[in-house]
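Novice: Quick one: the structure is below, and I'll ask about it shortly.
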Amino acid sequence: MRFGIHSMVWVGEWSEPSARFAIESTARAGYDLIELTAMDPSQVDVEMTSQLLAEHRLGASVSLGLDASTDVSSEDEEIVAAGRQRLRDALHLVRDVGGDMLCGVIYSALRKYDSPATARGVANSQAVIGELADEAAQSGIRLGLEFCNRYETNILNTTGQTLAYIDEVGRPNVTAHLDTYHMHIEEAGMREPVLAAARAGRLGYVHVGESHRGPLGTGNVRWDDFLPALLEAGYDGVVTFESFSSEVVNPALSGTLAIWRNLWSDNHGLAAGAREFLAERLESPA
-9 MRFGIHSMVW
1 VGEWSEPSAR
11 FAIESTARAG
21 YDLIELTAMD
31 PSQVDVEMTS
41 QLLAEHRLGA
51 SVSLGLDAST
61 DVSSEDEEIV
71 AAGRQRLRDA
81 LHLVRDVGGD
91 MLCGVIYSAL
101 RKYDSPATAR
111 GVANSQAVIG
121 ELADEAAQSG
131 IRLGLEFCNR
141 YETNILNTTG
151 QTLAYIDEVG
161 RPNVTAHLDT
171 YHMHIEEAGM
181 REPVLAAARA
191 GRLGYVHVGE
201 SHRGPLGTGN
211 VRWDDFLPAL
221 LEAGYDGVVT
231 FESFSSEVVN
241 PALSGTLAIW
251 RNLWSDNHGL
261 AAGAREFLAE
271 RLESPA
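Quick note on this note's numbering: the sequence shown kicks off at -9 and runs consecutively.
So this is what it looks like as structure tokens:
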């Protein structure tokens, strides 16, 4: 396995000083990869980012959540087209920084919906993901569909829904992106979904986040079920630590995720603690 950390543990934006701080801090904390937040991929300086990654010998993945104006599950074709372009821009960012994974809520908007998804909306979403997967395959890039809780999407809330959606898309480089924060809310258990995704050959990316989005091991996520399941499944991909606090604010994401509380102020200590927590259970399991 490789261990990653979400860029918003460190910074809320991606200027040269903040990018340098985030990448240097990631390397110093012992991670292999940083997950770049690309709500607007055009705001990421590719050359600068690539140089910093190479300097510190780090890999990168890219994640984002679409918004109402780029929602590919909309029935409005102009909105779907805007979402298609946003996703292509994000895909090009992955390619240009040398990554191999584009993940997140890339199949709908990341927001609270007030009605169920429509058949036409789901079909639009699957069509865009299929097209994106075909382009991604040309650069050896996989897509990770991060299913989220019911308050953040109406398309994919569970592993089972995600695997069924992926079957409909029918592309080998489309995978399930598991996130313990969302699974803790929506799944009946934390072990079987991991094994189901692995059996289907679709376990592609993992976020580890606590039930309150703070330090690992201080909330209600059943780590003794989830982490051993990764080992049982033979998972050898990326496990990325994700945590949010009002200490670090991204205007486009913090409000969407309702990050109102200050769950930590020492991001260096937080990152080091998460790396140790994962190492004890995944590198040298009891």
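The beta-carbon is built from N, C-alpha and C at its ideal position, and this holds for glycine as well.
Ignoring anything shorter than 3 residues or poking outside the stretch 38 to 109, list the beta strand (DSSP E) runs there in chain order.
Specialist: Fully enclosed beta strand (DSSP E) runs of 3 or longer: 49 to 56, 91 to 99.
Novice: Measuring only the C-alpha atoms, how far is Glu14 from Arg101?
Specialist: Using only the alpha carbons, I get a separation of about 32 Å.
Novice: Look at Ser98 and Ser115 and say whether their C-beta atoms are less than 8 Å apart.
Specialist: Cβ distance < 8 Å, so Ser98 and Ser115 count as in contact.
Novice: Over what stretch of residues does the alpha helix (DSSP H) that includes Leu185 continue unbroken?
Specialist: Taken as a continuous stretch (DSSP letters only), the alpha helix (DSSP H) holding Leu185 covers 182 to 189.
Novice: With distances taken Cα to Cα, identify the nearest neighbour of Val284 among Thr60, Arg140, Phe137.
Specialist: The displayed coordinates of the chain run from -9 to 276. Any statement about residue 284 would go beyond what the structure contains.
Novice: Going by DSSP, which residues form a beta bridge with Gly134?
Specialist: Paired residues: Cys93, Thr165.
Novice: First and last residue of the alpha helix (DSSP H) that includes Gly259?
Specialist: It spans 257 to 268 - the alpha helix (DSSP H) in which Gly259 sits, taken as one unbroken run.
Novice: Taking 8 Å as the cut-off, decide whether the C-beta atoms of Ala187 and Asn163 are in contact.
Specialist: No.
Novice: Assuming contact is defined by CB atoms lying nearer than 8 Å, are His167 and Leu217 in contact in what I supplied?
Specialist: No.
Novice: Starting from Arg(-8), follow the beta strand (DSSP E) in both directions and report where the run begins and ends.
Specialist: Its beta strand (DSSP E) spans residues -8 to -4.
Novice: Hey, Leu171 and Arg203 are a contact pair by Cβ (cut 8 Å); roughly how many whole angstroms apart?
Specialist: Checking the displayed sequence, the identity of residue 171 turns out to be Tyr instead of Leu. Going by Cβ atoms, the distance from Tyr171 to Arg203 rounds to 6 Å, so yes, they are a contact pair.
Novice: With distances taken between CB atoms, is the gap from Phe231 to His(-4) smaller than 8 Å?
Specialist: Yes, these two residues count as a Cβ contact at 8 Å.
Novice: Where Leu48 and Tyr141 are concerned, what is the direct C-alpha to C-alpha distance, given to the nearest angstrom?
Specialist: Spanning the two alpha carbons is a distance of roughly 33 Å.
Novice: Are Ile96 and Leu54 close, meaning C-beta to C-beta below 8 Å?
Specialist: Cβ atoms of Ile96 and Leu54: closer than 8 Å.
Novice: Please state whether the Cβ-Cβ distance between Met29 and Leu247 is less than 8 Å.
Specialist: Against a cut-off of 8 Å, the Cβ pair of Leu247 and Met29 comes out as no contact.
Novice: Tell me, please, which residues DSSP counts as bridged to Ile24.
Specialist: Paired residue(s): Ile(-5), Ala50.
Novice: Terminal residues of the continuous alpha helix (DSSP H) containing Phe231?
Specialist: Here Phe231 belongs to no alpha helix (DSSP H); instead the beta strand (DSSP E) covers 228 to 231.
Novice: Express the C-alpha separation of Asp157 and Thr108 in angstroms, rounding to a whole number.
Specialist: Roughly 18 Å separates the two Cα atoms.
Novice: Between Pro7 and Ala80, which are expected to be in contact by the criterion C-beta below 8 Å, what is the C-beta distance as a whole number of angstroms?
Specialist: That belief does not hold up - the Cβ atoms of Pro7 and Ala80 are roughly 23 Å apart, past 8 Å.
Novice: Arg192: buried (16+ other C-beta within 10 angstroms of its C-beta) or exposed?
Specialist: Arg192 comes out buried.
Novice: Would you mind sorting Val238 into buried or exposed? The rule is 16 or more other CB atoms within 10 Å of its CB.
Specialist: Answer is buried; the Cβ neighbour count reaches 16.
Novice: In terms of residues, what are the limits of the beta strand (DSSP E) holding Leu193?
Specialist: First-last of the beta strand (DSSP E) with Leu193: 193 to 198.
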